[in-house]
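The block underneath contains the structure these notes are about, expressed in structure tokens.
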Amino acid sequence: DVKVTQSSRYLVKRTGEKVFLECVQDMDHENMFWYRQDPGLGLRLIYFSYDVKMKEKGDIPEGYSVSREKKERFSLILESASTNQTSMYLCASSKTWGANIQYFGAGTRLSVL
Amino acid sequence: AQSVAQPEDQVNVAEGNPLTVKCTYSVSGNPYLFWYVQYPNRGLQFLLKYITGDNLVKGSYGFEAEFNKSQTSFHLKKPSALVSDSALYFCAVRDSGAGSYQLTFGKGTKLSVIP
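Going down the list, the sequences are from chains A and B.
Here my numbering is used: position 64 in the first sequence is 74, and no number is missing along the way.
Here my numbering is used: position 93 in the second sequence is 1154, and no number is missing along the way.
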């Protein structure tokens, strides 16, 4: 089975801190994604990557950056956390494009105080 | 641009009754359509997908979905609901055209199955 692992289930950070969210997949998938999930808004794509060192902005990239140095690992970075970044963050991976399924991690619930 | 609408924030159904969770979509080309389920404090799990062919798609846990091109709908159904089906359900769409990469999700429908 595909496994997508997010390093933390819960995080509490202070405003202005630099925050790293880590995601690792074990199925040699080319594509990896970061979403945030907020009540009433569904899932919104922050960034995605289709290859090592390659990244593309999603719908809401402001205030975030990403890093993909190895195929299996995709990191989301909040350069200076703000309270409006309090959310559930979901990582996903998939094989190449087309109708391939995205597999999700369990999520990281981030609270910025 | 592609979009998905889930018109109901919440659906309540009695255990043993049939259930339907509605989804409509908009794409410029042909759609790839997906349903995912999310249990509390968990990530999303894939249920089923439509690519092409038979309009009735069968998936995990007894769920199925019917693709209707004329109504641009992809409603999720199950003949007999279980309490364990209570969860948040997301519909998603992607344009099958070349160069399209982004999966667009609906806002989710909370399904509550009442014992």
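Every residue gets a Cβ at the ideal spot worked out from N, C-alpha and C, and that includes glycine.
Please read these numbers as outputs of a predicted model, since none were measured by experiment.
Leaving out five residues before and five after K1119/B in sequence, what residues of the same chain have Cβ atoms less than 6 Å from its Cβ?
On the second sequence, residue 1119/B is found 58 positions in, with the first residue counted as 1. The answer, listed in chain order, is E1125.
Would I1112/B pass as an interface residue toward chain A - the criterion being a Cβ-Cβ separation below 7 Å?
As a first step, residue 1112/B must be located in the second sequence, where it is residue number 51. Chain A contact via Cβ: present.
In three-state DSSP terms, what is Q199/A?
Residue numbering for chain A in the displayed model covers 11 to 123; residue 199/A lies beyond these limits and cannot be assessed.
The segment 99–116 of chain A touching the segment 39–55 of chain A, judged by at least three CB pairs closer than 8 Å
yes
Can you tell me whether D38/A is helix, strand or coil according to DSSP?
Residue 38/A sits at position 28 when you count from the first residue of the first sequence. Correct three-state label for D38/A: coil.
Quick check on DSSP: helix, strand or coil for D48/A?
Taking the first residue of the first sequence as 1, we reach residue 48/A at position 38. Correct three-state label for D48/A: strand.
Short of 6 Å in beta carbon distance, which residues of its chain neighbour P1079/B, apart from the five on each side in sequence? Order them along the chain.
Indexing the second sequence from 1 puts residue 1079/B at position 18. Within the same chain, P1079/B has close Cβ partners P1140.
Within chain A, the residues that G1104/B reaches when beta carbons sit closer than 9 Å:
Taking the second sequence and counting its residues from 1, the one referred to as residue 1104/B is at position 43. Chain A residues near G1104/B: V14, Q16, L100, C101, A102, Y113, F114, G115, A116, G117.
Answer yes or no: does any C-beta atom of chain B fall closer than 7 Å to that of A109/A?
By 1-based counting over the first sequence, the position of residue 109/A is 99. So, interface residue.
Between the CA atoms of S18/A and S97/A - distance to the nearest angstrom
As a working mapping, residue 97/A is identified with position 87 in the first sequence. As a working mapping, residue 18/A is identified with position 8 in the first sequence. Rounded to the nearest angstrom, the gap between the Cα atoms of S97/A and S18/A is 13 Å.
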